[in-house]
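Heads up: the structure comes next, in structure tokens.
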Amino acid sequence: MKDKTGLIKRMISIPNKPLGLLAGSGRLPVYLAQFAKKRGYYLVVVGPEQRLEPGIKPYADKIFSYKFARLGEVLRIFEREGIEQAVMAGKIEKRWLYQEGLELDELGEKLLKKAPNRKDDSLMNLVVEELEKRGIKIISILDLSEEWLAPVGSFSASQPEEREWKDIEFGFEMAKEIGRLDIGQTVCVHNQAVLSVEAIEGTDLAILRAGEFSPGAVVVKVWKPNQNLKFDIPVVGRSTVEAMIQAKARVLAVEAGRCLVVEKDEMMGLADQKGIALVGVKDGKR
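Using numbering that gives the first Met the number 0, the letters of the sequence shown map in sequence onto residues 0 to 285.
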């Protein structure tokens with residue numbers, strides 16, 4: 000059965016079992032932890048050293064850190080804690096793979112060698128596959144937080160102008176194409192010209208780059224064709240709007256029912272102060 004977003008309804012994970020949270024950086028793991036805790040989950044958080052938001056502590060029953068790319072540590076922690084279901088949330092940034100002094104463990108080296116390339120999907124699919132092979136079911140963040148999905152239509156006081164709707168439609172098509180190539184999920188456009196494309200740097204920095212070329216950009220974020228629901232769900236939040244303010248961007252269009260909107264009230268408050276339009280779209284059309 001499908002809900003109003005068009006997504007297939009899934010079985011929700013079992014609250015009386017411990018839930019593992021493989022957390023990246025950013026605020027999303029904090030909101031997810033808070034959300035899960037309210038629903039009675041015993042929450043075991045595992046995150047990379049020095050990149051985990053401190054705000055997650057009140058909502059976690061246990062917190063462990065690991066050295067990035069040492070995936071064997073993650074497996075050992077989950078197995079020791081009896082984790083049979085886990086969710087992935089937050090930024091696991093590819094640029095971490097290129098930092099000096101990166102120490103891969105045996106499992107990390109094995110997965111990198113096995114990957115056909117270093118695209119996001121190639122690497123993360125292998126991580127999910129390895130965890131599930133060890134008996135740890137990876138559930139989608141949407142199983143816990145469907146209420147965060149972007150609505151259809153405007154969720155700000157300001158509305159896109161007619162020319163901006165043309166940019167939204169154009170940008171939606173461009174974003175889907177870069178998603179199909181597994182490059183990124185976001186493009187910034189102005190007058191139907193692409194100003195920037197999200198790649199390894201992430202959405203916020205792509206927005207700031209667009210601001211170097213022109214004010215008034217339209218930012219379009221979508222989920223990728225063949226998106227794996229178990230990781231890398233597109234997310235926007237307060238930092239997205241803050242980057243837009245700095246770049247003097249004018250419109251944020253996200254794919255309705257397929258992008259998560261966190262810190263929604265804060266986003267709307269900032270957007271309304273600065274005359275930024277926030278809108279959820281289907282197929283790039285109003």
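C-beta: ideal position from N, C-alpha, C; glycine also.
The stretch 194-205 touching the stretch 130-149, judged by at least three CB pairs closer than 8 Å: no
3 or more residues per run - each beta strand (DSSP E) lying fully within the stretch 144-222: 185-189, 192-196, 217-220
Minimum C-alpha distance to Val250 - residue among Gly210, Lys229, Arg257, Pro57: Gly210
Unbroken stretches of the beta strand (DSSP E), 3 residues or longer, contained in the stretch 247-276: 250-254
Local Cβ density within 10 Å of Arg162, reported as buried at 16 or more and exposed below that: exposed
Identity of the residues DSSP links to Leu21 by a beta bridge: Val45, Met87
Coarse secondary structure for Gly5, derived from DSSP in three states: For Gly5, the predicted structure reports a pLDDT of 37, less than 50, and the residue's modelled location is therefore unreliable. The matter cannot be settled from this model.
Rounded distance between the beta-carbons of Val186 and Ile177, thought under 8 Å: 7 Å
In DSSP terms, what Ser64 is bridged to: Gly46
Close-in-space but distant-in-sequence residues of the same chain around Leu51 (CB under 8 Å, 5 per side omitted): Ala22, Ser24, Pro28, Val44, Ile62, Ser64
DSSP three-state assignment for Lys136, whether helix, strand or coil: strand
Lys56 (DSSP reduced to helix, strand or coil): helix
Closest Cα partner of Leu180 within the set Gln226, Arg75, Asp264, Ala255: Gln226
Proximity winner among Met243, Gln191, Ile167, relative to Leu204 (alpha-carbon distances): Met243
Spatially closest choice to Phe171 from Lys284, Val260, Pro233, by CA coordinates: Lys284
CB contact below 8 Å: Glu83 versus chain B: Structure shown: chain B not included; a single protein chain is present.
Alpha helix (DSSP H) segment containing Ala33, residue limits: Per the sequence shown, residue 33 should be read as Gln rather than Ala. Where Gln33 is concerned, the enclosing alpha helix (DSSP H) stretches over 27-37.
DSSP three-state assignment for Gly236, whether helix, strand or coil: coil
Exposure label - Lys220; buried when at least 16 CB within 10 Å: buried
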